[in-house]
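Enquirer: Residue numbers (full-length UniProt numbering), protein chains in the order written: chain A, 1 to 451; chain B, 1 to 451; chain C, 1 to 451.
Even for Gly, the Cβ is constructed at its ideal location relative to N, Cα and C.
Computed from a predicted model, the values in this text were never measured in an experiment.
1. Run through DSSP, which three-state label would residue 124(A) get?
2. Please list, in chain order, the chain B residues whose beta carbon lies closer than 7 Å to that of residue 290(A).
3. If residue 354(B) and residue 153(B) are in contact, beta carbons under 8 Å, what's the gap, nearest whole angstrom?
4. Report yes or no: is there a C-beta of chain A within less than 7 Å of the C-beta of residue 411(B)?
5. Grouping DSSP H, G and I as helix and E and B as strand, with all else coil, what is residue 232(B)?
6. Residue 350(C) touches chain A at which residues, Cβ-Cβ below 7 Å?
7. Given a limit of 9 Å on CB to CB distance, which residues of the stretch 239-251 of chain B reach chain C?
8. Could you tell me whether any Cβ in chain B is nearer than 7 Å to the Cβ of residue 295(A)?
9. Per DSSP, residue 427(C) is paired with what?
10. Residue 279(C) versus chain A: which residues are under 8 Å apart at the beta carbon?
11. Are the stretch 294-306 of chain C and the stretch 79-90 of chain C in contact at 8 Å, needing three or more beta carbon pairs?
12. Between the Cα of residue 89(C) and those of 173(C), 49(C) and 57(C), spot the shortest distance and give me the residue it belongs to.
13. Specify the secondary structure class of residue 61(A) as computed by DSSP and reduced to three states.
14. On the CB-based measure, 16 or more other CB atoms within 10 Å of its CB, does residue 110(A) come out buried or exposed?
15. According to DSSP, is residue 79(A) part of a helix, a strand, or is it coil?
16. Just the Cα atoms here: how many angstroms apart are residue 129(A) and residue 119(A)?
17. How would you write the range of the alpha helix (DSSP H) that residue 173(A) sits in, first residue to last?
18. For residue 250(C) and residue 28(C), what's the separation of their Cα atoms in angstroms?
19. Buried or exposed: where does residue 324(B) fall if 16 or more other Cβ atoms within 10 Å of its Cβ makes it buried?
20. CA-CA distance, residue 101(C) and residue 94(C)?
21. So which residues of chain B does residue 344(A) contact, with C-beta pairs closer than 7 Å?
22. Residues of chain B with a CB under 9 Å from the CB of residue 433(A): which are they?
23. Along the chain, where does the alpha helix (DSSP H) containing residue 367(A) start, and where does it finish?
24. Report the rounded CA-to-CA distance for residue 378(A) versus residue 42(A), giving the unit in angstroms.
25. Looking at the structure shown, is residue 351(C) part of a helix, part of a strand, or coil, going by DSSP?
26. Counting Cβ pairs closer than 8 Å, one from the stretch 315-335 of chain A and one from the stretch 281-288 of chain A, do we hit at least three?
27. Say whether the stretch 34-48 of chain A touches the stretch 414-425 of chain A, bearing in mind that this needs 3 or more beta-carbon pairs closer than 8 Å, one atom from each stretch.
28. If you count every other CB in all the chains shown that lies within 10 Å of the CB of residue 78(C), and 16 or more means buried, which is it?
29. Relative to the C-alpha of residue 196(A), which residue among 383(A), 60(A), 121(A) and 328(A) is closest?
30. Measure the alpha-carbon distance for residue 75(A) versus residue 242(B) and round it to whole angstroms.
31. How far does the alpha helix (DSSP H) with residue 393(C) in it reach, from first residue to last?
32. Near residue 380(C), which residues of its chain fall below 8 Å by C-beta distance, leaving aside the five closest residues on each side in sequence?
33. 7 Å is my cut-off, CB to CB: does residue 73(B) come that close to chain A?
34. Using 10 angstroms around the beta-carbon of residue 344(B), count the other beta-carbons present and answer buried if the total reaches 16, otherwise exposed.
35. With 16 as the cutoff for other CB atoms within 10 Å, does residue 105(B) come out buried or exposed?
36. Should residue 200(B) and residue 50(C) be called a contact, given that it needs their Cβ atoms to be closer than 7 Å?
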């Protein structure tokens, strides 16, 4: 403890305290403010990152709640390990691919991790870069964890573990570098950065990428036993709506880190505006999906209503910094409707996505990215989108980003999953699927009864 | 993303960065500090607001845990939708009623939402106002969600949805404007603001209002089938103490946003003092209710102990900024005792409140508001209350606020619930109540067993 | 509310606002920055403290999930009440012992008095001291709550209540004052402070102390009925892996307050570096324990994998501020392996610790404290540990701290538990243990089925 205090003193002395000794000047005061501003920005970014980390718990609960009790240990382990393994993979490889000046030159820096070569400056850890790194790390973890739900209840654990490493090391960061690579180093210009692509917090970069990877996975796997029989879609109900609802509350909370935190700065208070647009898209998504299910099924359905809020949140993620509250509500309302019909559509074409991850993250991520080209407003800090006199150019850029995101994430994941299928096998045996994955994959039960 | 960065630069240039170009002066340094202070205040208020938002999850879990499994989907949907719908209603109407300069003049501003006319200044979103708005919004959501528990297990979903909109649009903000309306605009002076009413974070404004609305609802509904038979009170046990306990932990956490965040400022570090008083009232409430149940029932009861912590939290909400730790402990101890006897009292007069919401929020909210007139101390930033040489004046003001709060919230809610009862009907059928609301209201079960 | 606003103005006027009136000088600007820096430090410390508070929920869920349904109310009540009672005890006695002016300097025993005597300065609450107090309070609560798991499923509730008071009032703060007493007042010099002991956030001070207290408790109690029969270790499975996993996610989140928040300052952004090392040790612990169970049991086990992440977190707590990411990963990897073999070892010697608390907190706390002497690096703000050219001196100091921590926490707790055993009795009756503690200790069930 003593040592840290000395360290803190040492750091602090570069800021305000040194000025107690040196004569006070306007320059030294401005420098002290600048130092505190940096530290406040890092603080906000880290706190936001902690909230985003907590989304891992939200995903785990939503996916566990929406699937059967016999596969719960498996779902929990997948959600737990994708972040643990993903952390290591992103540190070793992914971060440098996404933000490093050149991938190859990074390798020679004498470190086992490519990230270290970016984080350690003059032999010392750089707090601004560590801040950026932890924030980007939890984003990578989010993309990875989305896949878990779409492939639930029939995937071998070892395959999911391998894919988690590959998506955080390669699939996610390669597209991320196209769209966001100037964030760390202004000289890095990904293709979509140059084009002016708006994806503020990652409707496409994080959510669609995760969703399309899940789509590839569920297609390669095929549907669960008993889901589609005699031309009918048979419901396979999740086992616990209480934890699913808790999961959605946690995700909503986490999104207050995800979107507002993507400012990585307190400058201008933009984070507050984003918090509001984020909240209203979520609220609107919940309302519209509830109404749609009420009309379609005569009763307000809990599962789709919960997914409606997530649909609104995913959709507002790209445009959150550039739209008004009214636009955020429209974006959320459309997301909430879209997710219901998307879930019904994928069931119709027999793509079995147990938790609706492809619809929520893939489809609504695409919608949100397009919406940025429609609803962005100069008054809210963006270019003008189509509906605010901005012409069709921005919309075309958005469509381009959506298209490249789909081709890359779906394509790369398809290759990986096919590779796994034809080598170690991707799907558990029929017996295991019927008995549940918990016993045979883990030797555990989620809810044992022990006397 | 690029656009946001440009935006951030633009905002920031009004603060410190512009001074790199302009000559450094003491004035520019002071202005840079003032800008960072504003941003830090907004940051704290937003983070506190996120914690208050998370209380929605806490309420959902407490209410679900304290009621039966057959009504769990219904409780979850109520807690989820009251915030979603309440957000929209508060934006459309409630916020402008509570804080707008005049209600009527606000309507003409060419926006579908009354709030927008207060939030957008010179055609641009004002971050200080967005910050204030999101913080007030989550408070309105809290008042709404309290009602859900008191009316659990027998209310039609559609009625609850309608009431959620009405409380956030009208019932809550009208009383709120009496007590807090100077917060947004110093020229707005609600009657209780003028009188010097102390309700720092809303023991009355939020909690009692929610509690008394719930009391009106449960009286109009009547007790659940089987609760009172042959002059006896029969226990109807909740189905999951684990999630109820988790809910209380989440609420306790959320209260660290609710009370300390009501400073909406880091100035003077008052938030830290409030965090301490808040924690000690909660701890004391848990301890005293545990002891009372241990004496009454010979065993320490979990349900009432959990409610005891909430009682302490509700009670400290009004006086939290103006009392010492010792006083906070006394306020919490009394709250913890009060809630046990209040729960027993309401059962005695056959007012069936399944989760104790009226006792926790209504009764202990009143107690806390009165306690502010007893325990406030100048040394802790308040006037002196009765026990610290302050005379009876402040106490009378507190009693007036409690009284007006009761008359308004109970009266207005009674009118609404009676109106609903005699039009579309407020209570589900006897058959539905016995079978559980989940199937007939939602077509869902909370814990399905699917093979 | 009005009163608080006046208060805020009054406080604020000592900072920036007064300078609007006084002539702007470089000194006044520097003073304004210094005020805002203080407030920002307090804000960060309080927010971190809120996250640490939330760890109480994490511990409650982990312990409830890893034990049987018939003892769930008991576990929840223990986890709830140890913080409530611990708050009061730490305020009444513990805080002053830990940080008060030392009666016997060196040995570490401060004044026995109300915390108030340290918190109220010149008749007014000091926000910097309130900030420090709430942060230390939630740490004391953590040490107390660890014990609950080790003694689960067979301890009388009243004994646990008494022990909770004693550990927060005496056991924890006396060792804490040896290691950390200088934090509040630089003139306080505990023996280990003088020796240069590194335990940044409490691998030993908090976790080992809690773990060794639990070890004493479980030894005095003896194993649960049916755990060790005919030379075999029979599994007694926990009842809910979903809530256990949620508990670990919450603990991981809370640790972002525990370790980074122990800076109690934003100065230099050290918190960001600590957030990264903390995360990587957790991730590495989860990975290595998963791999070890996969090898040992042929399947990746959920319970030990979850404990592996906790092992990594406990281990990094001492060295988190002074090691590189690579070292953090090694420390976590070792922790994850260690916890598995430690759990097997304690079962082998028939020490029955239902949730693995002794292994996670005691053993891995010791490992982490030793690791600080091995992996600390000057570049990361520490002295150099053995592996970075630092010689054996620091390692010997670390071993000394580990040893004193064990002797004190185990010894003092053993005395207390033996005292309780031979007076009021420590263990429930055989009948009660078989029937479950919930009914006989609390008159409650965790999961009642009410029609």
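Expert: To lay it out plainly:
1. Looking at residue 124(A) - three-state DSSP - the assignment turns out to be strand.
2. 81
3. 6 Å
4. No, no contact with chain A.
5. The three-state reading of DSSP puts residue 232(B) in strand, counting E and B together.
6. Correct list: empty, because the minimum Cβ distance to chain A is about 19 Å.
7. 239, 240, 241, 242, 243, 244, 245, 246, 248, 249 and 250
8. no
9. 155(C)
10. 53, 87, 134 and 137
11. No, the stretch 294-306 of chain C does not touch the stretch 79-90 of chain C.
12. 173(C)
13. helix
14. Below a pLDDT of 50, predicted positions are generally treated as unreliable, and residue 110(A), at 36, falls in that range; the measurement from the model is reported next regardless. Flag for residue 110(A) reads exposed.
15. helix
16. 5 Å
17. 172-180
18. 43 Å
19. buried
20. CA-CA distance, residue 101(C) to residue 94(C), rounds to 13 Å.
21. Residues of chain B with a Cβ closer than 7 Å to the Cβ of residue 344(A) do not exist; the shortest Cβ-Cβ separation is about 15 Å.
22. In chain order: nothing, as chain B lies at least about 11 Å away.
23. 364-375
24. 27 Å
25. coil
26. yes
27. no
28. Flag for residue 78(C) reads buried.
29. 383(A)
30. 21 Å
31. Per DSSP, residue 393(C) belongs to the alpha helix (DSSP H) from 393-421.
32. Taken in chain order, the residues that qualify are 273, 321, 322, 323 and 324.
33. yes
34. exposed
35. For residue 105(B), the predicted model reports a pLDDT of 37, less than 50, meaning its position is unreliable; a value from the coordinates is still stated below. Exposed, because fewer than 16 other Cβ atoms sit within 10 Å of the Cβ of residue 105(B).
36. no
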